[in-house]
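Beneath this line is the structure, given in structure tokens, with notes to follow.
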Amino acid sequence: MSSVILPSAPSESRPGRFGIYGGRYVPETLMAALQELEREYEIAKADADFQQELADLLRDFAGRPTPLYFAKRLTEDLGGAKIYLKREDLLHTGAHKINNALGQGLLAKRMGKKRIIAETGAGQHGVATATVCALLGLECVIYMGEVDMARQELNVLRMRLLGAEVRGVSSGSKTLKDAISEAMRDWVTNVRTTYYILGSALGAHPYPTIVRDFQRCISLEMKEQILEREGRLPDAVVACVGGGSNAIGAFYEFIPDRDVRLIGVEAGGRGTALGEHAARFSGGVPGVLQGTFSYVLQDDNGQIALTHSVSAGLDYASVGPEHAMLHDTGRAEYTSCDDARALEAVVKLARTEGILPALESAHAVAEALRLAPTMNPHDILVVNLSGRGDKDMGIIAQELKLEGATSLRG
276 MSSVILPSAP SESRPGRFGI YGGRYVPETL MAALQELERE YEIAKADADF QQELADLLRD
336 FAGRPTPLYF AKRLTEDLGG AKIYLKREDL LHTGAHKINN ALGQGLLAKR MGKKRIIAET
396 GAGQHGVATA TVCALLGLEC VIYMGEVDMA RQELNVLRMR LLGAEVRGVS SGSKTLKDAI
456 SEAMRDWVTN VRTTYYILGS ALGAHPYPTI VRDFQRCISL EMKEQILERE GRLPDAVVAC
516 VGGGSNAIGA FYEFIPDRDV RLIGVEAGGR GTALGEHAAR FSGGVPGVLQ GTFSYVLQDD
576 NGQIALTHSV SAGLDYASVG PEHAMLHDTG RAEYTSCDDA RALEAVVKLA RTEGILPALE
636 SAHAVAEALR LAPTMNPHDI LVVNLSGRGD KDMGIIAQEL KLEGATSLRG
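Going by the working numbering, the first residue of the sequence shown is number 276, and it counts up by one from there.
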């Protein structure tokens with residue numbers, strides 16, 4: 276695999292803008308910090324030593340390249356397209372989040388920042404950030420909504436064991452949106468000493484570009500691996516979309532390949548009413564949330580709507596701005612999967628392939644279960660399996676009423 280993982284030139288026509296989306300909508304106190312980050316990132320991106328250090332850590336510490344696995348039994352069970360799984364769940368800490376956390380952690384160290392803050396929903400970004408801080412000897416504070424802390428207790432314990440301070444957020448819906456707001460308040464107060472490792476491809480410029488670049492290794496590997504295995508590109512790439520970091524990482528190298536369908540799967544939750552899902556492209560309208568202009572779920576008065584998903588990593592009220600551009604230009608398709616179908620996908624993948632996916636990733640698997648039988652046997656479908664499901668066992672056991680579910684939930 277190539278050691279050069281960052282693009283030499285941005286794909287967007289204006290830095291920080293993806294069509295009309297993106298931008299930098301923040302208090303004045305953060306403008307200098309974001310400008311410093313943009314400047315330092317551009318320098319780091321051109322530094323061969325930085326790129327090599329990151330490539331070495333991704334290989335030796337995180338476990339890249341991840342396998343591209345042919346799901347033979349699942350393919351035979353469904354009929355139709357051949358299904359491959361990009362196994363990001365096999366990375367150290369159990370999800371794609373480590374790619375970005377390592378990149379931003381090295382960037383923070385290069386900038387001389389000793390204190391790291393981050394936010395997390397499902398806990399995987401928090402665990403990845405706490406892991407990187409332990410590796411690099413950095414102080415670490417993680418903000419997490421109290422609802423998510425209860426849903427992801429195992430990850431809270433992992434973060435604390437790694438030496439991070441986990442601060443519960445009790446405002447709003449007590450989920451990811453509120454954790455991001457608290458992290459931004461901390462950053463405004465401590466901006467001179469603190470680096471904010473943002474966990475998804477959203478927020479103010481330059482974060483959507485930085486996170487995208489650090490996750491781009493997923494599609495770089497995917498492209499090489501499918502060409503080696505099948506001698507051609509896939510017909511479709513499918514990924515779940517919360518903030519959108521794993522999806523943009525899986526899509527990015529295929530964007531110029533117009534014959535490859537790019538399919539993002541949002542959280543359909545319990546229903547179509549506002550507050551019952553997190554499907555931004557079917558239920559949202561363009562607006563500004565937490566520093567960037569993108570699709571946002573909001574009520575008639577412009578207030579940010581509550582969201583729901585069985586998956587703590589998908590219930591964000593907005594979506595990364597590059598996805599908004601891909602949606603409007605028609606280059607990517609976005610659909611949704613409800614809680615019940617996601618849980619069915621967990622069981623299906625576990626019992627046909629012996630792989631327990633994260634609830635986030637199960638939304639992408641569910642779309643593959645729907646799509647593959649409609650395709651031809653020579654077609655190829657790749658699912659980005661962004662994380663593993665150990666962290667979700669309590670929720671899965673309770674929702675599926677598995678024996679022993681009460682004790683799993685404590």
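Even glycine gets a Cβ: it sits at the ideal position worked out from N, Cα and C.
Nothing here was measured: the structure is a model prediction, and the numbers come from that model.
Delimiting residues of the beta strand (DSSP E) encompassing residue i
i	result
E363	Unbroken run through E363: none, as it is neither H nor E.
G543	536-544
R442	440-444
S569	567-571
T450	Careful: T450 lies outside any beta strand (DSSP E) and carries neither H nor E.
A514	511-515
E608	607-613
N659	655-660
P596	Premise fails: P596 lies in the alpha helix (DSSP H), 596-604, not in any beta strand (DSSP E).
T582	T582 -> no beta strand (DSSP E), and no H or E assigned at all.
G228	Missing from the structure shown is residue 228; the chain here goes from 276 to 685 and no further.
V416	414-420
Residues of its chain near residue i, where Cβ-Cβ distance is below 6 angstroms and the 5 sequence neighbours each way are ignored
i	result
L349	I358, T627, E628
D461	I392
L353	A647, P648
A403	T368, K372, I373, A376
A346	I358, L360, E628
R533	none
A405	C415, M434, L437, A439
P342	R362
A409	L437, G438
A522	A514, V516, G539
Q500	L343
L508	D532, V535
G396	D423, L451, A587, G588
S453	Here the sequence assigns Asp to residue 453, which means Ser is not the residue at that position. Excluding residues within five positions, the ones whose Cβ falls inside 6 angstroms are G420, V444, S446, G447.
Q578	none
Contact set for residue i: own chain, Cβ-Cβ below 7 angstroms, skip 5 residues either direction
i	result
Y527	R487, R491, S494
L683	Model confidence at L683 stands at a pLDDT of 49, short of 50, so the residue's coordinates are unreliable and nothing is read from them.
T468	K388, K389, R390
P473	Per the sequence shown, residue 473 should be read as Leu rather than Pro. Around L473: Y482, V486.
Selection from the options that minimises the alpha carbon distance to residue i
i	options	result
Q427	R545, N375, A633, K320	A633
R339	N576, E496, E394	E496
A439	G401, V658, G474	G401
P481	G577, L589, Y300, G517	Y300
D574	V560, F568, H602, T567	V560
V658	A511, I417, E313	A511
P531	K623, V444, G605	G605
R616	L675, D603, M459, F529	L675
Q379	L329, F293, D364	L329
R504	R289, I655, A319	I655
A308	A383, F568, F325, G294	A383
Same chain only: Cβ atoms within 8 angstroms of residue i, ignoring 5 sequence neighbours per side
i	result
G398	M419, D423, Q427, L429, N430, V431, R433, M434, A587, K666
T610	I538, G539, V540, E541, E642
A553	G517, E541, A542, G544, L572, T582, H583, S584, L589, D590, Y591, A592
G550	A580, L581, T582, H583
G685	For G685, the predicted structure reports a pLDDT of 38, less than 50, and the residue's modelled location is therefore unreliable. The matter cannot be settled from this model.
Separation of residue j from residue i, as counted between CA atoms
i	j	result
A599	Y570	7 angstroms
C415	V407	9 angstroms
I670	G679	12 angstroms
G662	Y470	25 angstroms
L332	R545	40 angstroms
E315	C515	31 angstroms
G447	P483	24 angstroms
G506	R334	25 angstroms
E608	G524	15 angstroms
R555	L660	21 angstroms
S636	G518	13 angstroms
A639	V463	36 angstroms
M386	Q310	13 angstroms
A284	K498	Note on A284: pLDDT 43, under 50, position unreliable in the model; the coordinate value appears next. Between A284 and K498, the C-alpha separation is close to 20 angstroms.
A620	T304	45 angstroms
Y296	L564	12 angstroms
M650	L502	20 angstroms
S278	L381	Reliability fails at S278, whose pLDDT of 40 lies under 50, so the model's placement of it is uncertain and the value that follows must be treated cautiously. The alpha-carbon atoms of S278 and L381 are separated by roughly 16 angstroms.
A688	A323	As displayed, the chain neither begins before 276 nor continues past 685, which places residue 688 out of reach and without an answer.
M459	E317	23 angstroms
C612	M306	38 angstroms
S286	H602	The predicted position of S286 is uncertain, since its pLDDT is 49 and thus under 50; no value can be drawn from it.
A479	S456	13 angstroms
G562	R292	14 angstroms
A337	N576	45 angstroms
Residue i - containing alpha helix (DSSP H), residue span
i	result
G524	520-526
I485	482-490
I671	668-674
Min CB distance residue i to chain B below 8 angstroms
i	result
G291	Of the protein chains in the structure, only one exists, and it is not chain B.
Residue i CB to nearest heavy atom of the ligand NAD below 7 angstroms
i	result
G378	With respect to the ligand NAD, the structure offers nothing, as it holds no ligand at all.
- 4-residue-minimum alpha helix (DSSP H) runs that sit fully inside the stretch 317-391, ordered along the chain: Look at the stretch 317-391 and you find these whole runs of alpha helix (DSSP H), each 4 residues long or longer: 323-332, 347-353, 372-385.
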